[in-house]
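Quick notes on the structure that follows.
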Amino acid sequence: MVNPSASLSELLHARALSTAPSRLWLDLAVGITVVAVAVWIRPIGWVALASAGLCFAMYGLWSVSERQLQPDDGTASSRARVTWQVVHGITTLLGLIALVALLFALLGLTLGTWIS
């Protein structure tokens, strides 16, 4: 059980460890599919849709890397650990960028075009 006053990073960490790995890979696959469809079809609000899909995809891959970086019995090679650390960092950065893009895209859809 996570402390009710836990930070966002603590909540995401606990969720990543408690979620089934198959569900995390599903998040990645569905997120990538949503991004691909949104970019290909380009409906109204496609940037928001693509950003949301990228958020899901990056969360899925971030969670997989978070699980892989947990202390284990020491059988993992240092090269594999470094690779997962790089994946962890890249997915964190891309996920944050996607979140900011989603917020701005939603703001743009909400405000529309204003002529002053």
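Per the working numbering, residue 10 is the first one in the sequence shown, and the count goes up by one each step. Every residue gets a Cβ at the ideal spot worked out from N, C-alpha and C, and that includes glycine. Predicted model only: the values in this text are computed from it and were never measured.
With burial defined as no fewer than 16 other Cβ atoms inside 10 Å of the residue's Cβ, what is the status of residue i: buried or exposed?
i: T100; result: buried
i: G69; result: buried
i: F113; result: exposed
i: A47; result: buried
i: D71; result: Rather than Asp, the amino acid found at residue 71 in this sequence is Trp. Buried, by the Cβ-count rule.
i: L102; result: exposed
i: V43; result: buried
i: L17; result: exposed
Alpha carbon to alpha carbon, what distance is there between residue j and residue i?
i: D36; j: Q77; result: 17 Å
i: L63; j: A25; result: 17 Å
i: T92; j: T119; result: 40 Å
i: R88; j: M67; result: 22 Å
i: W55; j: E19; result: 31 Å
i: D81; j: Q94; result: 15 Å
i: S27; j: W123; result: 45 Å
i: P13; j: E75; result: 21 Å
i: P30; j: A110; result: 27 Å
i: S86; j: W49; result: 39 Å
i: L115; j: V39; result: 21 Å
I'd like the list of long-range same chain contacts for residue i, defined as Cβ closer than 7 Å, with 5 residues on each side in sequence excluded.
i: A45; result: none
In its own chain, which residues sit with a C-beta less than 8 Å from the C-beta of residue i, not counting the 5 before and 5 after it?
i: I41; result: G62, A66
i: A15; result: A23
Considering Cα atoms alone, identify which of the options is closest to residue i.
i: A107; options: L58, L33, A38; result: L58
Can you find the residues in the same chain that come closer than 6 Å, C-beta to C-beta, to residue i, ignoring five residues on each side of it along the sequence?
i: V96; result: S74
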